[in-house]
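What follows is a single structure, written as structure tokens, with notes after it.
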Amino acid sequence: MAPIMFVLFHVLRQLLFIPVAVVCLAGGMLFGPLLGSVLSLMGLWLSSVVFYFMISKMPSLQKKLERLDERTLKFGGRINVLQASVLRLIPFIHFQLLNFYLMGNSRRFSEYAKAALWTNVPLAFFYTIFGHSIASFSIEMGLIILVALAGLIYFMREKKVVIKWSHFFTHSER
Numbered sequence: 814m815a816p817i818m819f820v821l822f823h824v825l826r827q828l829l830f831i832p833v834a835v836v837c838l839a840g841g842m843l844f845g846p847l848l849g850s851v852l853s854l855m856g857l858w859l860s861s862v863v864f865y866f867m868i869s870k871m872p873s874l875q876k877k878l879e880r881l882d883e884r885t886l887k888f889g890g891r892i893n894v895l896q897a898s899v900l901r902l903i904p905f906i907h908f909q910l911l912n913f914y915l916m917g918n919s920r921r922f923s924e925y926a927k928a929a930l931w932t933n934v935p936l937a938f939f940y941t942i943f944g945h946s947i948a949s950f951s952i953e954m955g956l957i958i959l960v961a962l963a964g965l966i967y968f969m970r971e972k973k974v975v976i977k978w979s980h981f982f983t984h985s986e987r
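Using the working numbering, count along the sequence shown one by one with no gaps and you end on 987.
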């Protein structure tokens, strides 16, 4: 029952705003690299198929994705399957926006379904293998990785200096 629930969780993941990478990592930890990859691929593909049929029923969602494209990637829907495969590996790229691009390049559902399957293969494989590797780390190694990530987040943060208007422009007495 657990594999079926995991695949269905992939489909529900998009409604719960859980990142794809997190669920694929969990699949590697729970089911191992091979079964976890297959289950993640099935779940991601089903998620893409559900999106295909939902977008036609929700024109407001389509408009939001078009605005998201205009503000972020600016591809204008011009993206091929290989580009989408690579972009899916980047955790911050919107999963459904890439599905939206694939829809724009497909004339029929069968073309879209094939493209969605092939673009999800690297994503499912890479993150599931990584999740399986994380599960085999010792506690010490896990702590070292967490401290290193915390350090990276701290040192890569955006640094701002706020100077008050009154301190920047001092009043000179005449």
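We treat Cβ as the ideally placed atom computed from N, Cα and C, and that holds for glycine.
In whole angstroms, what is the alpha-carbon distance linking residue i and residue j?
i	j	result
ALA776	MET842	In this structure the chain extends from 814 to 987, so residue 776 is not present and cannot be described.
ALA897	GLU924	14 Å
HIS823	GLU879	24 Å
GLY917	ILE892	9 Å
SER853	ALA926	16 Å
PHE766	LYS977	One cannot answer for residue 766 here, as it falls past the ends of the chain, which runs 814 to 987.
LEU965	ILE958	10 Å
ILE942	PHE830	23 Å
ILE817	VAL851	12 Å
PHE844	LEU956	23 Å
MET954	SER946	12 Å
Near residue i, what residues of its chain come up, given a Cβ to Cβ distance below 8 Å and the 5 sequence neighbours on each side ignored?
i	result
THR932	VAL894, ALA897, SER898, ARG901, LEU911 and LEU915
GLY944	CYS837, LEU838, ALA839, GLY840, GLY841, MET842 and GLY849
PHE922	TYR865
SER919	TYR925 and ALA928
Sorted by chain position, which residues of the same chain lie with C-beta nearer than 6 Å to residue i's C-beta, five sequence neighbours on each side aside?
i	result
GLN794	Coverage of the chain is limited to positions 814 through 987, which leaves residue 794 absent and any answer about it impossible.
VAL960	none
ARG826	VAL836
Which residues in the same chain have their Cβ closer than 7 Å to the Cβ of residue i, if we skip the five residues on either side of it in sequence?
i	result
PHE939	LEU902
ILE906	LEU900
Tell me whether the beta-carbon of residue i lies closer than 8 Å to the beta-carbon of residue j.
i	j	result
ALA929	SER979	no
ILE868	LEU859	no
VAL820	MET871	no
ALA963	PRO904	no
LEU988	ALA937	No statement about residue 988 is possible, as the shown extent of the chain runs from 814 to 987 and does not include it.
Q: Just list the alpha helix (DSSP H) runs in the stretch 864-947, keeping only unbroken ones of 4 residues or longer that don't cross its boundaries, in chain order.
A: Entirely contained in the stretch 864-947, the alpha helix (DSSP H) runs reaching 4 residues are, in chain order, 872-884, 894-901 and 908-918.
Q. Counting only runs that start and end within the stretch 825-856, where is the alpha helix (DSSP H) found for 4 or more residues in a row?
A. For the alpha helix (DSSP H) assignment, the uninterrupted runs of no fewer than 4 residues enclosed by the stretch 825-856 are, from N- to C-terminal side, 833-844.
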